[in-house]
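Here is the structure we will look at, set down as C-alpha cells.
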C-alpha cells in the first residue's frame, strides 16, 4: 500500500498520541500494529523510535482490549470543564 506524505504524518501523530489505539489506525489506514511499528522505525530517527517504542510498550490505552473503559473518551475526574475553548473557573 502506497501512503502519501500527509497520511504518514497523520499515522505518526496518531501513534504518538497515548489515547489513540492501534485499532483506530488500522480502521483508518488499514495498517496492522506491526506495520505501524515498521513505519515508525523507518520514518523516525533511531533515538525517537526508541523513545516511542518504550512509551507504547505495555500501554493499555494503545490496545482497545486492554482499556479500562469501553466507549467514548477517558476523562479524568480532576479535569476541568472546558467551555468555548476557555477553562472555566472554580
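In full-length UniProt numbering, the protein residues as written are 1 to 90. Each residue gets a CB set at the ideal place from its N, CA and C atoms; glycine is no exception.
Query                                                                                                                                                               : Result
For residue 49, which residues of its own chain have a beta-carbon under 7 Å away from its beta-carbon, when the five flanking residues on both sides are left out? : 40 and 41
Use the C-beta contact count for residue 2: other C-beta atoms within 10 angstroms, 16 or more gives buried, fewer gives exposed.                                   : exposed
Leaving out five residues before and five after residue 18 in sequence, what residues of the same chain have Cβ atoms less than 6 Å from its Cβ?                    : 61
Using a threshold of 7 Å, state whether the C-beta atoms of residue 31 and residue 25 are closer than that.                                                         : yes
Cβ atoms of residue 11 and residue 29: under 7 Å apart, would you say?                                                                                              : yes
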